[in-house]
Structure formats: structure tokens, C-alpha cells
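Q: The sequence shown begins at 43 in our numbering and counts up by one.
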Amino acid sequence: MTAALAQFGACADKSANLAVIGRFAQQAAENGASMLFLPEYSMFYAKMNRRSLNIQAAEPLDGPFVAALGGVARQCGLWLAAGMYERTDGLPCNTIAVLDSSGALRGFHRKRKLYDAFGYRESDECRAGSQPFSPIDTPLGRLGIITCFELRFPALAAEQKAAGAELLFVPAGWAAGPNKLLHWRTLLCARAIENSMAVLGVDQYAPGCFIGHSAAFAPDGTARGALGEGDGLLTITI
């Protein structure tokens with residue numbers, strides 16, 4: 043089966059981000075993909091005042107962003123997985139929504155391990171989830187999800203494997219910094235080898251902010267494809 047990994051830098055304009063997603067979805071469908079994987083924060087990313095702007099931007103899972111994703115999924119005949127800010131009664135959750143090719147919401151993952159590391163505090167702007175993702179059947183096999191910083195915790199990937207995942211999706215906004223590309227690629231490959239399952243890492247790219255370099259690894263650690271810097275679409279066969 044064919045999968046597509048879309049790398050781009052989201053902005054604070056939801057309509058602009060949806061337009062980018064739509065273009066990638068059309069390209070993915072033309073390339074024969076059955077599923078398109080998009081980064082963390084695909085819906086919205088503010089460079090400043092993130093606590094207040096995230097709260098303002100957050101939407102429920104039945105809100106306009108997910109509805110628009112559903113329309114893209116139906117139009118292109120693709121499953122989609124994308125990051126969003128989910129509305130709560132306070133700080134939003136950093137959530138990944140998974141939709142099938144009919145546009146129906148099939149699952150969601152609320153990031154549990156927030157990025158309180160390397161001098162940053164994601165917990166100041168997001169609420170942590172409390173439950174692991176429940177793997178779901180997709181055209182590519184049974185899908186598991188961990189988000190960005192959660193890649194640094196081997197037990198979370200193993201938990202997805204134990205729950206039946208055959209393929210692990212890692213959406214990210216992997217922050218730039220010393221050796222961060224080394225960390226990203228090494229940890230993606232390690233999670234694949236440890237759990238004998240394919241791993242798809244899909245990162246945002248923004249100079250000086252997010253590193254890009256989305257990549258896919260086979261269960262034995264073989265690299266199946268990778269992007270560099272900049273926006274791009276990687277199509278691979280699972």
C-alpha cells in the first residue's frame with residue numbers, strides 16, 4: 043500500500059493551512075496514496091503569544107477544521123491524519139485527528155507527554171491528554187500514534203505495539219537545536235527496530251524553528267525515504 047507524508051510549516055491562518063493540505067492531498071491521490079499523514083499543529087501555529095492564541099484558535103473535534111479535512115478526504119478519496127488544537131474548558135489539547143476517505147472521524151490522539159524540556163514548557167500552552175491512542179484499522183494496516191516529544195519515551199511506542207499497532211505515525215513540530223536532527227532520525231529508527239513495525243515521522247519545517255526531515259523507516263530500520271528542508275511530499279510503499 044502507498045502512503046504520503048506531507049511536510050510544511052503551518053501558520054496562524056487556518057484557511058491558508060487548509061489550502062496547503064488540500065494541495066498535498068490532491069498530489070498524494072495522484073501518486074496513488076491511500077493515506078496522507080500531516081504534521082503536528084497542521085491546523086494552526088502561532089509564533090508568539092501562543093497560550094492565548096491557541097485557546098482562541100482551538101476547535102472541537104466536530105468543528106470547522108475537522109469538517110474541512112473531511113471534505114478534502116472525500117474529494118481526494120484519502121484517509122487523512124493531521125494535528126490540531128482541540129478546545130477544552132481551558133488550555134487546548136494538542137490533538138491528532140484521523141479521518142477515513144468518507145470524511146468520518148475514526149480516531150484521535152491527545153498528546154500526553156508535553157514538551158517541557160530543553161528550556162521550553164508546552165504545558166503553559168496545552169493540556170496533556172490522559173489516555174494512549176487506541177490503534178485503528180486503516181488501508182495501511184493497524185495504525186498507532188505518538189506525537190513529537192513522545193518519541194523520546196520508548197514505552198509509549200511499545201504500548202502502541204502491544205495494543206496491536208502494525209504501523210506507527212509520529213507527527214511532530216521537532217524543534218531546531220544542536221543535534222536535534224540526529225535525535226529525530228535516530229529515535230524514529232530505534233522505535234521501528236525495537237517494535238518491528240514501520241515508523242512514519244512527519245515534521246513541520248520552519249527555518250530556525252522546526253527542522254523538517256520527515257522520514258519513513260521499515261520494521262528492520264531500513265530507511266524507506268526522507269525529505270530534507272522545505273515543504274515537500276514523500277510517497278512511500280508500505
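For every residue, glycine included, the Cβ atom is placed at its ideal position computed from N, Cα and C.
Quick check on the DSSP output: the beta strand (DSSP E) that includes Thr130 runs from which residue to which?
A: Here Thr130 belongs to no beta strand (DSSP E), and DSSP marks it neither H nor E.
Q: Do Ser84 and Phe124 come within 8 angstroms of each other at the CB atom, strictly closer than that value?
A: The sequence as given places Ala at residue 124; Phe does not occur at that position. Against a cut-off of 8 angstroms, the Cβ pair of Ser84 and Ala124 comes out as a contact.
Q: Apart from the five residues on each side of it in sequence, which residues of its chain come closer than 6 angstroms, Cβ to Cβ, to Glu192?
A: So the qualifying residues of the chain are Lys155 and Leu198.
Q: Check whether the region 206-216 touches the region 165-173, counting contact only when three or more Cβ pairs, one atom from each stretch, lie closer than 8 angstroms.
A: The region 206-216, when compared against the region 165-173, does not touch it at the 8 angstroms Cβ threshold.
Q: Assuming contact is defined by CB atoms lying nearer than 8 angstroms, are Leu276 and Ala115 in contact in what I supplied?
A: For Leu276 and Ala115, no; Cβs fall outside 8 angstroms.
Q: Tell me the residue span of the beta strand (DSSP E) that contains Thr279.
A: Looking at the DSSP string, the run of the beta strand (DSSP E) that includes Thr279 is Gly274 to Thr279.
Q: Start and end of the beta strand (DSSP E) containing Ala52?
A: Counting along the chain, Ala52 falls outside any beta strand (DSSP E), and DSSP gives it neither H nor E.
Q: Could you please give me the residues that DSSP links to Thr137 through a beta bridge?
A: BP columns for Thr137 point to Met126 and Arg152.
Q: Go through the region 198-232 residue by residue and report every complete run of the beta strand (DSSP E) that reaches 3 residues or more, in order.
A: Fully enclosed beta strand (DSSP E) runs of 3 or longer: 209-214.
Q: Quick check on the burial criterion: 16 or more other C-beta atoms within 10 angstroms. Buried or exposed for Gln98?
A: The residue in question, Gln98, is exposed, as its Cβ has fewer than 16 Cβ neighbours within 10 Å.
Q: Would you list the one or two residues that DSSP bridges to Met77?
A: Met77 is bridged to Ala45 and Trp121.
Q: At which residues does the beta strand (DSSP E) containing Ala281 begin and terminate?
A: Since the first residue of the chain shown is 43 and the last is 280, residue 281 is not available in this structure.
Q: Please report the distance separating the alpha-carbon of Phe107 from that of Gly51.
A: Distance between the alpha carbons of Phe107 and Gly51 is about 17 angstroms.
Q: Considering just the uninterrupted stretch of the alpha helix (DSSP H) at Ala99, what are its terminal residues?
A: Here the alpha helix (DSSP H) through Ala99 covers Arg92 to Ala99.
Q: Taking C-beta to C-beta, are Gly215 and Leu230 nearer than 8 angstroms?
A: Cβ atoms of Gly215 and Leu230: not closer than 8 angstroms.
Q: Write down the C-beta distance between Gln202 and Gly186 rounded to the nearest angstrom, noting that I regard them as a contact closer than 8 angstroms.
A: 3 angstroms between Cβ atoms; contact.
Q: Using a 10 Å radius around the Cβ and a threshold of 16 neighbouring Cβ atoms, would you call Arg152 buried or exposed?
A: When all chains shown are included, Arg152 counts as buried.
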